[in-house]
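Below is one structure, written out as structure tokens; comments come after it.
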Amino acid sequence: MIIFLCGPDSYRRRQKEKEYIGRYRQKYLTSANFDFSDSSDETFLKLREFSANYSIFEQFKMAILENIFEISEKEEKAFISFLKENLKNKDLTILISEEKKPSPKFKFLTGEPVVVHEFNSLEGSTLDFFIKKEAEKRNIKLAPGVIRFLSEIFKGDTWALVTELDKLALIENKNIDENKIKELVGYPQAQNQPKFFSQINDLLSGSLKQKTAVLEILLGTDDSAKIFNFLASFSGPFVKKFADYDAAVKSGKMDYEEALVDFALA
């Protein structure tokens, strides 16, 4: 079967991705990530090998795919055929997460039997509702003016917004009014946060060129430990990789900057 997550709201899309992966791993163990942004031909070969080889201990598998629209023109036809062949395969779950909507050649990903979830940018009343619900999850009570303030500051960047709510959840008094929120968040600082979180997202899901360029910018303006910890918090399918990096840093085998460079080049 194929599950297709798409849309520019990377936070909600990644949360749904983590939900599916967590649900799958409660029952089965075998899963693997395939990023087509670099060496897409080699990635496709690895995907085919992964999907074809089963042991007596493996009845079901999950393949997590990103940047599939960057598949080379040479392999595109075979890749599309591979996806179509597995539309109803109950032994292989293919989870695809993409920011952009598919081109006409991949249009079949938007209809049955594919399970489709769209995550468009939130605005207006839908964004206000999202802020209210996320605050309630953290036992935070926001005055109506606070919701409008956060909506204006973060302008649909749910990733940066939720991180701000996580910080608000740490304070003792969780009844937040208009004056309090401006003290805690700080208007000028908050305006710069969406750009930072957008860059963090590029590091997690961008192409090799994007990741190296963004990392160079971030390392020039932010502490490497801060960047590493933010990445680890939202690493999704890369949780184990970041746990290994963390252990290596704490044992003195590498520093945070070296870990970040290694991740960007992987």
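Numbering follows UniProt numbering, in which position 68 of the sequence shown is assigned residue number 68; successive positions increment by one, without gaps.
All residues carry an ideal CB built from backbone N, CA and C; glycine is no exception.
task = With a cut-off of 8 angstroms on the beta carbons, I'd call residue 138 and residue 160 a contact; round off their distance for me.
result = Numbered from its first residue, the sequence shown carries residue 138 at position 138. Numbered from its first residue, the sequence shown carries residue 160 at position 160. Beta-carbon to beta-carbon, residue 138 and residue 160 are separated by about 15 angstroms, too far to satisfy the 8 angstroms threshold.
query = How about the region 173-180 and the region 27-43: do they share at least three Cβ pairs that are nearer than 8 angstroms?
reply = These segments do not touch.
message = Among the candidates 113, 179, 227, whose CA atom is the shortest distance from the CA of residue 149?
response = As a working mapping, residue 149 is identified with position 149 in the sequence shown. It is 179.
query = Cα separation between residue 226 and residue 257?
reply = On the sequence shown, residue 226 is found 226 positions in, with the first residue counted as 1. On the sequence shown, residue 257 is found 257 positions in, with the first residue counted as 1. The alpha-carbon atoms of residue 226 and residue 257 are separated by roughly 10 angstroms.
Residue 101 to residue 50 span [Cα, whole Å] = Position 101 of the sequence shown, counting from 1, holds the residue named residue 101. Position 50 of the sequence shown, counting from 1, holds the residue named residue 50. Rounded to whole angstroms, residue 101 to residue 50 spans 26 angstroms at the Cα level.
task = Tell me, please, which residues DSSP counts as bridged to residue 96.
result = The residue you call residue 96 lines up with position 96 of the sequence shown. Per DSSP, 4, 65.
query = Should residue 79 go down as buried or exposed, given a rule of 16 or more other Cβ atoms within 10 Å for buried?
reply = As a position in the sequence shown, residue 79 is number 79, starting the count at 1. The residue in question, residue 79, is buried, as its Cβ has 16 or more Cβ neighbours within 10 Å.
query = Looking at residue 63 and residue 94, is the spacing between their C-beta atoms short of 8 angstroms?
reply = Counting from one through the sequence shown, the residue named residue 94 turns up at place 94. Counting from one through the sequence shown, the residue named residue 63 turns up at place 63. Residue 94 is a Cβ neighbour of residue 63, given a cutoff of 8 angstroms.
task = Pull up the distance between the alpha-carbon of residue 158 and that of residue 69, whole angstroms please.
result = Residue mapping note: residue 158 aligns to position 158 of the sequence shown, counting from 1. Residue mapping note: residue 69 aligns to position 69 of the sequence shown, counting from 1. Going by the C-alpha atoms only, they are around 24 angstroms apart.
ask   = Hey, residue 211 and residue 264: beta-carbon distance below 8 angstroms or not?
value = Here residue 211 refers to the residue found at position 211 of the sequence shown. Here residue 264 refers to the residue found at position 264 of the sequence shown. Contact flag set, yes.
task = To the nearest angstrom, report how far apart residue 75 and residue 121 are at their CA atoms.
result = On the sequence shown, position 75 is the one that residue 75 refers to. On the sequence shown, position 121 is the one that residue 121 refers to. When rounded, the separation of the alpha-carbon atoms in residue 75 and residue 121 is 32 angstroms.
ask   = For the putative contact between residue 151 and residue 166, defined by C-beta atoms under 8 angstroms, what is the C-beta separation to the nearest angstrom?
value = Taking the sequence shown and counting its residues from 1, one reaches residue 151 at position 151. Taking the sequence shown and counting its residues from 1, one reaches residue 166 at position 166. Contact flag wrong, Cβ pair sits at about 17 angstroms.
request  = Use the C-beta contact count for residue 259: other C-beta atoms within 10 angstroms, 16 or more gives buried, fewer gives exposed.
outcome  = Within the sequence shown, residue 259 is the residue found at index 259, counting from 1. Residue 259 should be labelled buried.
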